[in-house]
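In the numbering used here, the protein residues as written are 37 to 170. Glycine residues also receive a C-beta, built at the ideal position from the N, C-alpha and C atoms. Please read the structure below before turning to the comments.
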């Protein structure tokens, strides 16, 4: 296109290029849309099984690009991992230093009245469903 001297031919070549680029972008969008629809259908198929649905959603989410972590330090925001590590380490060292720790009161332990029986614990465990949080 840049090698063409005639402005009319140049315009025709530019239009052809733009038409082809638009078709490429449309095709890519259609492919992307089909893939998303397939993933949604897979999630809908697993709606009765929360474990499989969670795995399907996680697979989709992992395909997205991760944004870089930004940490604010004394010199502003940084994305440098070594500097971030130093900032975070310094923060926790200050947070858990002897100066910030308050004295903890001694609270005597108390016995559970009545204590749990073995039967109660076994019944509670038996009532839990597999692959589910309590």
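Asked: Contact set for residue 168: own chain, Cβ-Cβ below 6 Å, skip 5 residues either direction; Found: none
Asked: Counted within 10 angstroms of its Cβ, other Cβ atoms place residue 125 as buried (16 or more) or exposed; Found: exposed
Asked: Per-residue DSSP class, three states only, for residue 113; Found: strand
Asked: Residue from 132, 49, 86 whose Cα sits closest to the Cα of residue 166; Found: 86
Asked: Check whether residue 82 and residue 89 have beta carbons under 8 Å apart; Found: yes
Asked: Sheet register partners of residue 107 (DSSP bridge); Found: 114
Asked: Environment of residue 92 [buried if 16+ CB atoms lie within 10 Å]; Found: buried
Asked: Residue 154 (DSSP reduced to helix, strand or coil); Found: helix
Asked: Which listed residue (67, 105, 50) has its alpha carbon closest to that of residue 242; Found: Since the first residue of the chain shown is 37 and the last is 170, residue 242 is not available in this structure.
Asked: Collapsed DSSP secondary structure at residue 166 in the structure displayed; Found: coil
Asked: Neighbourhood of residue 109 by C-beta, 6 Å cutoff - its chain only, sequence neighbours within 5 removed; Found: 123
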